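So this is what it looks like as structure tokens:
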């Protein structure tokens, strides 16, 4: 199994839009942390889809 990469040791601050679907990076390889950019291709990882419950600032983990 492929190991995830720790992208950072602190959360990323992002702006989310209510009802918009996002794809959270689970492999740590994305250059668009904390979101997926497709860098997981060829690994055992897939992005985690989620829909924002509300608009505004959020802090998403980058430690994987």
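Residue numbers (our numbering): 118 to 181. Think of the CB as a built atom: it goes at the ideal place given N, C-alpha and C, for glycine as much as any other residue. Every value quoted in this text rests on a predicted model; they were computed, and no experiment measured them.
Closest option to residue 126, judged by alpha-carbon separation, among 135, 133, 151 and 137: 151. Bridge partners of residue 167 according to DSSP: 139.
Going by DSSP, residue 129 is part of the beta strand (DSSP E) stretching over 129-133.
The Cβ-Cβ distance between residue 173 and residue 133 falls below 9 Å. In the structure shown, residue 152 adopts extended strand secondary structure according to DSSP, grouped into three states. Take the alpha-carbon of residue 144 and the one of residue 164: they are about 8 Å apart.
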